[in-house]
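**Student:** Questions regarding the structure given below will be posed in turn.
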Amino acid sequence: MKSAIRLRHLGLLCLISAASPAVFPAFAQSGKMVTQSPTARSGLSYADIVDLADRTPLVANVRIRNIIALKSEQAGSVPAGHKRLYVEADVTGLIRGEAGIAPLVTYLYDAPLDARGKIAKLKKAQVILFARPGGRPGEIQLIAPDAQIPATPAEVDRVKAVLSALVAPHTPPRILGLGDAFHVAGTVAGEGETQIFLRTENGDPVSLSILRRPGQAPHWAVALGEIMDEAARAPEPGTLLWYRLACTLPATLPPRAVRSLSVQDAEAARADYGVVIAALGPCGRTRATS
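Going by numbering that gives the first Met the number 0, 159 is the number at position 160 of the sequence shown; the sequence numbering is gapless.
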């Protein structure tokens with residue numbers, strides 16, 4: 000009875016009925032995404048953190064004050080093995096949010112069940128939320144069902160570092176795909192250079208350069224500008240530029256990228272592109288993305 004009174008007082012009985020996906024669109028597709036326990040995961044990869052933070056308008060550190068498990072008729076569609084919760088949390092720190100945030104926030108969360116059909120202890124847990132403002136004051140919507148992660152000191156530091164990189168001057172643009180590739184053979188066997196242009200969301204120029212010299216390992220670099228200068232280097236793993244490349248570029252050079260090259264130059268460009276992909280390594284995502 001107390002739960003029903005609280006929800007009715009907040010005007011949320013209609014919100015958590017069958018109409019709830021319209022108010023909380025992040026949960027409308029919850030069956031297509033992976034949900035995670037807020038306390039069990041503390042080892043998200045760098046790519047996971049950037050995936051969550053990249054387009055999130057609101058990131059906050061909160062302490063869960065209260066949870067209310069919704070009845071099946073209130074919860075709507077919930078993924079198997081999960082329980083939909085109505086969560087009240089006190090904001091202990093705003094990490095991102097130009098419009099600010101209320102000191103007490105409420106949101107819906109699909110908590111995974113353990114082997115006994117129970118949810119992990121959440122009350123008083125400190126978590127980081129990746130969210131957007133909801134339809135009423137104090138309401139927020141998680142951007143994904145797993146957009147609640149443990150607020151360990153390490154995770155807080157990593158989230159802050161990622162957000163700082165995302166808004167830093169001259170931050171690497173989002174990569175949409177590959178443009179044209181060009182290859183020039185050298186004057187001696189085993190010498191040559193390939194340049195591959197990338198398509199970016201904001202139109203800023205980004206290109207890859209792979210240089211081969213006889214008796215040396217191939218050298219590659221990335222340029223964020225019109226000119227590939229001598230200071231250009233390959234990105235360090237675990238940086239935003241590395242993420243933009245490793246998590247976006249296709250495994251092989253598509254035919255359209257080498258359509259203007261001779262057969263021999265196209266083969267050389269594909270081999271040089273393979274050097275880049277091998278050096279970047281796997282993206283390292285551990286969570287599903289929509």
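We put the CB at the ideal spot given by N, CA and C, even for glycine.
My guess is that I101 and G137 are in contact by the Cβ rule of under 8 Å, so how many angstroms apart are they, rounded?
**Tutor:** Per the sequence shown, residue 101 should be read as Ala rather than Ile. With 8 Å as the limit, A101 and G137 qualify as a contact, their Cβ atoms being about 4 Å apart.
**Student:** DSSP three-state label for A46, please.
**Tutor:** Reduced to three states, the DSSP call for A46 is helix.
**Student:** Entirely within the region 65–120 and at least 4 residues each: give me those alpha helix (DSSP H) ranges in chain order.
**Tutor:** Whole alpha helix (DSSP H) segments, 4+ residues: 71–74.
**Student:** Which residue spans inside the region 116–198 form an unbroken beta strand (DSSP E) run of at least 3?
**Tutor:** Complete beta strand (DSSP E) runs here, min 3: 125–132, 139–141, 147–149 and 174–184.
**Student:** Can you give the beta carbon distance from A119 to A110, rounded, assuming they're within the 8 Å contact cut?
**Tutor:** Right, their Cβ atoms sit about 7 Å apart.
**Student:** Whose C-alpha, out of Q263, V58, V86 and A268, is nearest the C-alpha of P253?
**Tutor:** For P253, the nearest C-alpha among the options comes from A268.
**Student:** Evaluate contact between the region 145–160 and the region 175–189, counting only Cβ atoms and requiring at least three cross-stretch pairs below 8 Å.
**Tutor:** Segments in contact, no.
**Student:** Short of 6 Å in beta carbon distance, which residues of its chain neighbour L332, apart from the five on each side in sequence? Order them along the chain.
**Tutor:** The displayed coordinates of the chain run from 0 to 289. Any statement about residue 332 would go beyond what the structure contains.
**Student:** To the nearest angstrom, how far is it from the Cα of P217 to the Cα of L162?
**Tutor:** Whole-angstrom Cα-Cα distance: 33 Å.
**Student:** Taking the straight line between their C-alpha atoms, what separation do you get for V90 and I142?
**Tutor:** Cα to Cα, V90 sits roughly 17 Å from I142.
**Student:** With DSSP as the reference, label R243 as helix, strand or coil.
**Tutor:** Of the three classes helix, strand and coil, the one that applies to R243 here is helix, per DSSP.
**Student:** Along the beta strand (DSSP E) that carries L207, what are the first and last residues, could you check?
**Tutor:** L207 -> beta strand (DSSP E) spans V205 to R211.
**Student:** What is the DSSP secondary structure of R62, reduced to helix, strand or coil?
**Tutor:** Strand at R62.
**Student:** Give the range of the beta strand (DSSP E) segment to which A220 is assigned.
**Tutor:** That run of the beta strand (DSSP E) goes H218 to A222.
**Student:** Drop a sphere of 10 angstroms on the beta-carbon of T336, count the other beta-carbons inside from all chains shown, and report buried for 16 or more, exposed for fewer.
**Tutor:** No answer is possible for residue 336: the residues shown for the chain start at 0 and end at 289.
**Student:** Can you check which of these residues, K82, Q194 and V61, is closest to D113 by C-alpha distance?
**Tutor:** Ranking K82, Q194 and V61 by Cα distance to D113 puts K82 first.
**Student:** Taking the straight line between their C-alpha atoms, what separation do you get for A188 and P213?
**Tutor:** Each residue's alpha carbon lies about 7 Å from the other.
**Student:** Tell me the rounded alpha-carbon separation between F196 and S261.
**Tutor:** In a straight line, the C-alpha of F196 is about 18 Å away from that of S261.
**Student:** According to DSSP, simplified to helix, strand and coil, what is L260?
**Tutor:** Correct three-state label for L260: coil.
**Student:** Does the separation of the CB atoms of H211 and D271 fall below 9 Å?
**Tutor:** It should be noted that the sequence gives Arg, not His, for residue 211. Contact flag set, yes.
**Student:** Are L93 and V58 closer than 9 Å when you measure CB to CB?
**Tutor:** Contact flag set, yes.
**Student:** Please classify L57: does DSSP put it in a helix, a strand, or coil?
**Tutor:** In the structure shown, L57 sits in a strand (DSSP, three-state: E or B).
**Student:** Could you check the C-alpha separation between R54 and L165 for me, to the nearest Å?
**Tutor:** In a straight line, the C-alpha of R54 is about 10 Å away from that of L165.
**Student:** Going straight from the alpha carbon of Y106 to that of I139, what length do you get?
**Tutor:** About 5 Å.
**Student:** Do you know offhand how far V86's Cα is from D145's?
**Tutor:** V86 and D145: Cα-Cα distance of roughly 14 Å.
**Student:** Quick one: grab the DSSP three-state call for P281.
**Tutor:** DSSP places P281 in coil when its eight states are reduced to three.
**Student:** Determine, using beta carbons only, whether K117 and I63 come nearer to each other than 9 Å.
**Tutor:** Their beta carbons are not under 9 Å apart, which means K117 does not touch I63 by this criterion.
**Student:** Note down, in chain order, each residue of its chain lying with its Cβ closer than 6 Å to the Cβ of V257, except the 5 sequence neighbours on either side.
**Tutor:** Taken in chain order, the residues that qualify are A180, A265 and A268.
**Student:** Between Q125 and V274, what straight-line distance do the alpha-carbon atoms span, to the nearest angstrom?
**Tutor:** About 43 Å.
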